[in-house]
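Okay, so here's the structure we're looking at.
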Amino acid sequence: MSEPSIFFSDVNERQGLFHRREILLGGLAALGLTALGGRLSYLQLVQTQRFQKLSVENQFDFRLAPPPRGLILDRNGVLLAGNRPNFRLLYARDKDLDAPAMLQTLADYVPLDEQRQKRLLTEINNTPRRVPVSVMEDMTWEQFSAINVRQPELPGVTADMGEVRVYPFGGAFAHVIGYVAKVNREDLTETGPNSDPILLHPGFRMGRQGIEKALDLQLRGKPGAAKVEVDANGREVRRDTQGDIPPTPGAEVQLTLDADIQNRALEMMGEESGAIVVMDCRNGDILCMVSAPSFDANRFVRGLTGPEYRALANYERRPLLDKAMTGTYPPGSTFKTMTALACLEAGIDPEERVNCPGGWFFGGRTFRCWGRHGSQNMHDAIKNSCDVYFYTMSVRIGPDPIAKVAKEFGFGQIFDIGIPGQKKGIVPSTAWKKEYFKGTENTRWWPGETPSYAIGQGALAVNGLQLAVMTSRLANGRKALNPRLIRSIGGKELPRGDAAPDLPFPKEHIDIVRGGMAAVANDTSGTAYRQSQLGLGEVKMAGKTGTAQARSYGSGPRKSTGLPWKMKDHNLFVAFAPYDAPRYALSVIVQHGGMGGATAGAPRAREVMRVALLKDPEVRERATRTPMPELTPEDGLEGAAPPEPQVAAAQTPRRPA
Amino acid sequence: MTASAITRPGERDRLIVKLSQVDWTFCLVLCLIAGAGGLMMFSIAGSSFEPWAINHLTRFGLCFAMMIVLAMFSPRVWFAVAYPVYAVALLLLVAVEIVGDVSMGAQRWLDLGFIRFQPSEIMKIGIVLALARFYHGASAQTARWSWKLLIPATLIGLPTLLVAHQPDLGTAMLIALTGAAIMVLAGLSWKVVFALCGGAMAAIPPFVMFVLHDYQRQRVTTFLNPESDPSGSGYHIMQSMIALGSGGLLGKGYGLGSQSQLNFLPEKHTDFIFATLAEEFGFAGCVTILLLYAAVIFMALRIAALAYSHFARLAAAGVTATFTLYVLINGAMVMGLAPVVGVPMPLLSYGGTVMLTVMSGFGLVQSTRVHRYNEVTSGKGALF
């Protein structure tokens, strides 16, 4: 058919059909649009709150804000551990960021050598995306501001001001307070109270030793949160300071230590290795507990390099060991106070005399005395530190009464002073021997062991804190004082050391021992007369010297002079003052300090004691300054700093108000 | 101008008269929608014309001018180029199949050196013109049901398959549905319509299971349960719904939409710009925009209804159908009623090719209005 098949009727039909169909499809379009409107009203009017909540969850994120770590103060409020501002450079990796190139760029602003860049890169790659890694700490203000100005051109980089722990006295408190150091992988996997999200915060440090470790959770505080607006990639867009939850600062810890005494004590130790512990013998407060040589705790906060650590760990005087608590030593003649008390308890008459010809024959061998003292009663024996007297008497009473007295005075015991690391030491007795050598032939106590025990040698091992506790219990005379190191945590005071039972010894007995100690320091023939003069008039010290063998003397000379350091005797001294109304007790241990407590121990004890006494206003009132006897060169004190006359007024940084 | 003046012979062919016959209210509504798009782009760029708003508005200006120029051409011209345009579009689709640029995992673009464009967009106009041209020469009886319907079926089927193979399912669906709408408007028997609908419904599950690409299937399954995987593939739908819902009645305020400003909303300036608008202007803003779209659709349908020639009315209605489908599909997608397919909101979304297509289509619609009293037939309308 070549004819067009379009006729008028057909045209009209097509048009009518189109119009009807168009109305229908228009209706469908209207229906569709209405459906959209309906959906909109459901989403926007009915479900508004749900979606608004989701939107806010998208928009805002809470970022942990680390709390300032609690301060550690001495008894007078002097800052021992605080926080200082720290300008840090942080970098967080993200998917479209080039970390190696960025480190290259950053090297223009801060010193970053190849090796450090490599190390940082591994650290960055091991950290989850968008978790910042500390690239540099302790930037100068110039570096900090330079980075801050260029921050928009440095994606992933932030420069912020954090806080870092600082120990103003460096080494003086390093063993007691310890230090904080970076969190390592083990800390994170550990479950329990330590698995805290704050540990992941860049630059966060946790307590590693001493008070910092023992009270880590209290010092740490509670992290706050900073409300930040983030974009879909988690990048911070804005801070909403109104929405911040402020962090709760860590609890303030006040110690019983006195910074002046502690600093002077460390100074007095000089190059020597040893410990000084000072206690208040009225209430048990530890005023000083120093171990020498020490180390700068601030280095540990920053992170030690390998060589630095090896130098500390391999030095023969062992700076990392706390010699006041962890190191145990034979107490030497300072232990004769205990033996004397044990004799009195066993009913020996203190006036009974023993002749000292310079040696004592027992069980087939000769026990030598350090001198030839002639006829000695108990008072003389303590004053002269006569070995023969104590050899004779101890064999009469046996080891167990001595052990009983030693235990009453705190030996062989760990005190609850709040920090870890104390070693119990050994207080020998027949029972101890049986237990200790169980399974061997040698479980019997041989009578020949008792004389050594009586003069503080043999298996006997004590630490500096125990010696100080013994001395303060003797000085107190009544209470079995407990040492206290932590005075208060967060303003809550801990129980005092004098909340303790009485010593089970009659006062007369203790007075005899104290009389002997007074003679040691004040009788012109006492073993430490010259070295124990405080120069404070009627305020006088009482003490007891001690030498502990670090080698077998054999039949050779006892003098340590000229021997290599490792071979010299340990030198000990315990003292309390004022003699007539005791306030302060101390113990000094000088490892390998040479023979006779007077040479290395007593002069140091005297200096430290003077600081303690002169800081006490009541003692100061009593004291009249009298010239101290000149020290002769052979009185020791090699390497110690010269005494400082105005110690009491020593300037120590005060805690900012 | 008096009524008698316009009846003078030749009077209607004067340019100034033609311009006066353009539906300026319609144009104003288009400007409002495009302006709203520009406004949102200014907001999400952080109150900056760069990089989107300035381009969008410039393009709209150019496309608007083009629309007016196209409106000056008589439907006779459109009629004459109908098959050639279709043929060129089909060839280009084949060319894309062979040498097309692969972008985002799909072959959609053809790079001619000086311009990159999507042939599937030309096809959207081409299919409308070709079908209108066919039905212009077909009797009502033919349009209702006859073997000759194989011709429009092929005209629709070929580009649909080619585009679907790129793969661009959204555009393929758009082409198929536009073609179907024209067939229905031309008078396809209801029995056939229902049969086809039923067949399509039945074909969907096997189609989803066996024909779709993995990512497409993922989109469909995600759509069915968007909250199952909010950070993965359900993310787009979920974030869009959050943007919409959190807008509430009046919105968060201009420039204050956190979902779009902080990039939680994907494709915030293109496919999901409606969600951006919904977040900042709320239900009130959304309803306003939807009413503007409704106005465009019904004005265009009215223009189609008033045309004298069957070609012009079918072409205008076909363009309107395409436009409506754009709005409905994008709206449904943004509101979580449809899977995520790459269909933008016409005039509101950023994007050159779609704007060009839509505005060319409206040029055809305006041409229909300006020349509504003209017949296009020379007497030999039929293809066969």
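Sequence lines, in order, name chains A and B. Residue numbers for the first sequence follow the numbering used here, beginning at 1 and rising by one. Residue numbers for the second sequence follow the numbering used here, beginning at 658 and rising by one. Just so it is clear, CB atoms sit at the ideal spot from N, CA and C, and this is done for glycine as well.
Spatial neighbours of P202(A) in its own chain (CB-CB distance under 7 Å, excluding positions within 5 residues in sequence) are listed in chain order as L90, P132, V133, S134.
Nearest C-alpha to C854(B) among V868(B), I755(B), A838(B): A838(B). Sixteen is the threshold: when 16 or more other Cβ atoms of the shown chains lie within 10 Å of the Cβ of M898(B), as they do, the residue is buried. The CB of F169(A) never comes closer than 8 Å to any CB in chain B; the least such distance is about 49 Å. For N83(A), the enclosing beta strand (DSSP E) covers residues 79-91.
Non-local C-beta neighbours of I397(A) in its own chain, meaning closer than 8 Å and more than five positions away in sequence, comprise A342, C343, A346, I348, ordered along the chain. The C-beta separation of T545(A) from F573(A) comes to about 6 Å, placing the pair in contact by the 8 Å criterion. In terms of Cα proximity to I414(A), the closest of E212(A), G425(A), I245(A) is G425(A).
At a cut-off of 7 Å between beta-carbon atoms, L748(B) makes no contact with chain A. Between G221(A) and P249(A), the C-beta spacing is below 7 Å. With distances taken between CA atoms, D160(A) lies nearest to P66(A) out of P66(A), G456(A), A251(A). With fewer than 16 other Cβ atoms inside 10 Å of its own Cβ, G364(A) counts as exposed. Rounded to the nearest angstrom, the Cβ distance from G464(A) to V277(A) is 5 Å, consistent with a contact under 8 Å. A contact between stretches requires three or more CB pairs, one per stretch, nearer than 8 Å, and the segment 378-390 of chain A meets this requirement with the segment 445-455 of chain A. In the DSSP annotation of this structure, the continuous segment of the alpha helix (DSSP H) that includes N148(A) starts and ends at 141-149. Just so you know, the alpha carbons of A852(B) and G844(B) end up roughly 15 Å apart. Within the same chain, S731, P732 come within 6 Å of H1028(B) by CB-CB distance, once the 5 residues on both sides are set aside. Contact between F867(B) and G905(B) is ruled out by a C-beta separation of about 43 Å, above the 8 Å threshold. C-alpha of G418(A) to C-alpha of I486(A): approximately 7 Å in a straight line. Between the segment 401-410 of chain A and the segment 365-382 of chain A, the count of Cβ pairs shorter than 8 Å is below three; the stretches do not touch.
If you check each beta-carbon in the segment 810-843 of chain B against every beta-carbon of chain A, the ones closer than 8 Å belong to A838, V841, L842, A843.
As DSSP reads the structure, K479(A) sits in a beta bridge with D502(A). Contact check for G891(B) against G942(B) fails: the beta carbons are separated by 7 Å or more. Look at T981(B): its C-beta is under 7 Å from a C-beta on chain A. Just measuring C-alpha positions, the residue of G27(A), T366(A), L112(A), K336(A) sitting nearest I510(A) is K336(A). Inter-residue distance for L320(A) and D616(A) is about 32 Å (C-alpha atoms, whole angstroms). Interface flag for F62(A) against chain B is unset, since no Cβ pair is found closer than 7 Å.
For F699(B), the enclosing alpha helix (DSSP H) covers residues 681-701.
Look at F921(B) here: in three-state DSSP terms it is coil, with no helix or strand label. Pairing A691(B) with L1004(B) gives a Cβ-Cβ distance under 7 Å. For M393(A), DSSP records no beta bridge to any residue. For Q49(A), the uninterrupted alpha helix (DSSP H) segment begins and ends at 48-59.
Going by C-alpha positions, P862(B) is about 11 Å away from L869(B). In this structure V998(B) does not touch L819(B) by the C-beta definition: roughly 17 Å separates them, more than the 8 Å allowed. When secondary structure is reduced to three states using DSSP, I414(A) falls in the coil class, being assigned neither helix nor strand. Distances from the alpha-carbon of L103(A) to those of K118(A), Y179(A), F204(A), G27(A) put K118(A) closest.
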